[in-house]
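A.B. asks: Structure below; questions to follow.
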Amino acid sequence: MTIFAQDWTTPFGLPPFDQIRDEDFAPAFDAALAEARANIAAIAGSAEDPTFANVIDALELAEGALDRVAGVFYNLSGADSNDAREALMRDLAPKMSAFSSEVSNNKALFARIETLWQGREGLGLTPEQLRVLTLYRQMFVRSGAQLEGEAAERLTAVKSRLAVLGTQFSQNLLADERDWFMTLDEADLEGLPEFVVTSARSAGTERDAGGPVVTLNRSLIVPFLQFSPHRALRQRAYEAWGARGANGNAHDNRVIAAEILALRQERAQLLGYASFADYKLEPEMAKTPAAVRDLLMRVWQPARAKAEEDAAVLEAMLHADGIAGPLEPWDWRYYSEKRRRAEHDLDEAALKPYLSLDAMLAAQFDCANRLFGLEFREIEGPFYHPEVRGWEVTRNGAHVAVFLGDYFARGSKRSGAWCSAMRSQRKLGGAVRPIVVNVCNFAKGDPALLSYDDARTLFHEFGHALHQMLSDVTYGFISGTSVARDFVELPSQLYEHWLEVPAVLEQHARHWQTGEPMPAEMLKRLLAASTYDQGFSTVEFVASALVDLAFHEGPAPADPMQKQAEVLEGLGMPRAIRMRHATPHFAHIFTGDGYSSGYYSYMWSEVMDADAFAAFEETGDAFDPATAARLEKFILSAGGSEAAEDLYLQFRGKMPGVEALLKGRGLLEEV
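Going left to right, the sequence shown walks through residues 1 to 671 as full-length UniProt numbering numbers them.
The following block contains the structure:
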């Protein structure tokens, strides 16, 4: 019997990480899949007439053991991978896909769901139950439940292959990020702030490199590109960063990307859609590729104009340094940082001592307390890695959730930042409170000092965590972040706004050594520079979103790299800016279906988050209790219990236009 088959007597039902071994996972998955199959078969084969209780309620609880083991394993596989876990990931991908297809292809089960759907008006369902039934039927139909014969068999094969390829893409990217580093000698450290030097030395120690190194971790390579005066080193580092997944080695993702796109197109056509984008966007707020393109192009034009204007200024600075050539992508951050210091008198090296990780954690918790009455008490592990920290979240003395934070970069962790749940909230079958995890890749330090962008990331992921922790629904199927993809980023991007509230920084941005608050003039300059370089960041994002859309809205390109080049050329992509995520390392869209044809969703949500924060600003109080209560009721606690646009309308009373986004990014004047 594995640890997963036993009752866990740990506090809050946390996984007993000190007792879980890698060899426990495979038999635990086998047993959980067998149990889930038996439960599904019993539901589908019941001789009783279908009822909401014996079909939907039963389905909600049918995979409890599988949810338990998967909740632990898939968190570990992203945040603390090793050879054994990577091998099991490859083995599990087709097995989990096969199980999913078995369920969606179960004709008897779908017939019972369809019977409920056709008779839904006479079932006396609550609004939440009707929503859950609607979404279950939609999921089965979109998974191919109505297909027969060869078409059904082919769809199963396509989905299985996609699962394998997505895992392979992810592991290739992790391998490239883990394997590359650039050694630095003492002369190469010239011009680097102490926090970058410290991070480089720490990374060198972790890699056993005998000295400081630059790795492909964003929290190290970006400040290196910002501050290093050595152009040749910047170029070498930048090109390695951009070449992830495209090095012609065993980890090359270009052929994988082409096959993924072809299989997605086939999947959509099997289900009766003209393109994968049409299929994918149907249940989202945007609904159609045309609506997505309209939003992105309305933002692209002013963003590109601003970026070209900024590029001219930065190129003049390059020439002033005696370099004749044009501004290159490895130059942008270096000269932009110099310009920021000159125009805003804002030095990131001087800023970071006021933004320690502990100070920013206190800030994010304090905002959650002032808005929602949440309190955070740090708890002891064991957790899945020594660097992980944990907190019990309560309100008025009642347990709300357990929150785990895993903040530092390491070779076993995939890049980026994300929020996940080891256990999601639900009430069916007994009240279950969530275990929520935030994972980041900040550079280690003693103490860890964040850039302002790092602090934004911290707040962003905690916004997702609040969506999970404050969830208050009966059915796990619609719990927490189980909402439309282009709505899921609203809580996270909205929470970033509280980092910009002057009172928050005045209270929490304190020097890690002296405890002195950030000087008023520095704070003023920081907030004044909030839209600095938004032409650059908007262009690199929108370019990625438009390439993603182009990949999926027509026939699958035989050569994705050529298609990428054609899209960027057609847009008039500024020479010195590249996509935020080039195709071979575009994990958002190729490691699974989550953001495929959906990378735009960050910007779609940003249209709403700018408007949503304005609801607080209009009251004159960023922590207005009535507005916070509406936000919790209609957004954070509601999960997917209603359509996203209906939830937003109940919170705000109207849908926003793109102007709020453009204003927030400092681009409105270009329209």
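We put the CB at the ideal spot given by N, CA and C, even for glycine.
1) Would you give the residue range spanned by the alpha helix (DSSP H) that V292 belongs to?
2) Would you say D454 and L355 are within 9 Å of each other, going by their C-beta atoms?
3) Quick check on N369: does DSSP put it in helix, strand or coil?
4) Got a sec? Which residues, its chain only, sit under 7 Å from F442 by beta carbon, not counting five neighbours each side?
5) If T205 and G445 are in contact, beta carbons under 8 Å, what's the gap, nearest whole angstrom?
6) At the level of alpha carbons, what is the spacing between E392 and S544?
7) Select from F477, D593, A520 the residue whose C-alpha is nearest the C-alpha of G64.
8) Does DSSP put residue 718 in a helix, in a strand, or in coil?
9) Given L346, which residues of its chain have a CB within under 7 Å of its CB, disregarding the five upstream and five downstream residues?
10) Tell me the DSSP secondary structure of W241 in three-state form.
11) For the alpha helix (DSSP H) that T156 lies in, which residues bound it at each end?
12) Consult DSSP for E540 and reduce its assignment to one of helix, strand or coil.
13) In the DSSP assignment, the beta strand (DSSP E) including A421 goes from what residue to what residue?
14) Taking only the alpha-carbon atoms, compute the straight-line gap between M561 and R254 and give it to the nearest angstrom.
15) Out of curiosity, what's the CA-to-CA distance linking A58 and T481?
16) Could you say which of V214, N106, S77 lies nearest to A93 if we only look at CA atoms?
17) Measuring CB atoms only, is the segment 141-151 touching the segment 104-121, in the sense that at least three cross pairs come out at less than 8 Å?
18) Contact defined as beta carbons within less than 8 Å: I believe S424 pairs with S479. What is the distance between those atoms, to the nearest angstrom?
19) What is the rounded straight-line gap between the Cα of E670 and the Cα of G570?
20) Taking all protein chains shown into account, do 16 or more other C-beta atoms lie within 10 angstroms of the C-beta of T126, making it buried, or fewer, making it exposed?
21) Any idea if M655 is buried or exposed, counting beta-carbon neighbours within 10 angstroms, 16 or more meaning buried?
22) Look at the alpha carbon of P289 and the alpha carbon of A274, and state the distance between them as a whole number of angstroms.
23) Using only alpha-carbon positions, find the residue among Q129, K563, P491 that is nearest to I635.
24) What three-state label does DSSP hand G390 in the structure shown?
25) Under a three-way DSSP split, which group does V671 fall into?
26) Between V196, L155, R207, which has its C-alpha nearest R178's C-alpha?
27) What does a CB cutoff of less than 7 Å around D646 pick up in its chain, not counting 5 residues either side in sequence?
28) For the alpha helix (DSSP H) holding L661, just list the boundary residues, first then last.
29) CA-CA distance, H460 and D611?
30) Between Y452 and T619, what straight-line distance do the alpha-carbon atoms span, to the nearest angstrom?
31) I need the boundaries of the beta strand (DSSP E) containing H399, first residue and last residue.
32) Quick check on this structure: which residue in D185, Y475, M573 has the alpha carbon closest to the alpha carbon of G640?
33) Can you name the residues that DSSP bridges to S356?
34) In whole angstroms, what separates the C-alpha of P193 from that of F224?
35) Measuring alpha carbon to alpha carbon, tell me which of R389, D22, N82, E48 ends up nearest V439.
36) Alpha carbon to alpha carbon, what distance is there between M422 and Q171?
C.D. replies: Looking at the atomic coordinates:
1) In the DSSP assignment, V292 falls within the alpha helix (DSSP H) that extends over 289-320.
2) Yes. Within cutoff.
3) Helix, per DSSP.
4) Hits under 7 Å: S219, L357, Y407, F408, A409, A448, L450, D454.
5) Not a contact, Cβ separation roughly 13 Å.
6) Distance between the alpha carbons of E392 and S544 is about 38 Å.
7) Taking only the C-alpha atoms, the option nearest G64 is F477.
8) Look at the range of the chain in this structure, 1 to 671, and you will see that residue 718 is not part of it.
9) These residues qualify, in order along the chain: R340, R525, L526, A529.
10) For W241, the three-state secondary structure derived from DSSP is helix.
11) T156 -> alpha helix (DSSP H) spans 149-179.
12) Helix at E540.
13) Element bounds for A421: 418-423.
14) Looking at the two C-alpha atoms, the distance is approximately 8 Å.
15) About 22 Å.
16) Answer by Cα proximity: S77.
17) Yes, the segment 141-151 is in contact with the segment 104-121.
18) Approximately 5 Å separates the beta-carbon atoms of S424 and S479; this is inside 8 Å, confirming the contact.
19) Residue placement at E670 cannot be trusted, given a pLDDT of 41 that sits under 50; what the coordinates show is reported in the next sentence. Distance between E670 and G570, taken at the CA atoms: about 21 Å.
20) Per the 10 Å Cβ criterion, exposed.
21) So M655 counts as exposed.
22) Spanning the alpha carbons of P289 and A274 requires a straight line of approximately 11 Å.
23) Selected option, being the one with the closest Cα: P491.
24) In the three-state DSSP reduction, G390 falls in the strand class (E or B).
25) Because V671 carries a pLDDT of 35, less than 50, the predicted location of this residue cannot be relied on, and no value is offered for it.
26) When V196, L155, R207 are compared, the shortest CA-CA separation from R178 is found for R207.
27) None.
28) Taken as a continuous stretch (DSSP letters only), the alpha helix (DSSP H) holding L661 covers 659-664.
29) Here the alpha carbon of H460 sits roughly 17 Å from the alpha carbon of D611.
30) Answer to the nearest angstrom: the Cα atoms are 27 Å apart.
31) It spans 398-408 - the beta strand (DSSP E) in which H399 sits, taken as one unbroken run.
32) Selected option, being the one with the closest Cα: Y475.
33) According to DSSP, which records beta bridges pairwise, S356 is partnered with L449.
34) CA-to-CA, the gap between P193 and F224 works out to about 9 Å.
35) The shortest C-alpha to C-alpha distance from V439 to any of R389, D22, N82, E48 is the one to R389.
36) Taking the straight line joining both Cα atoms gives about 21 Å.
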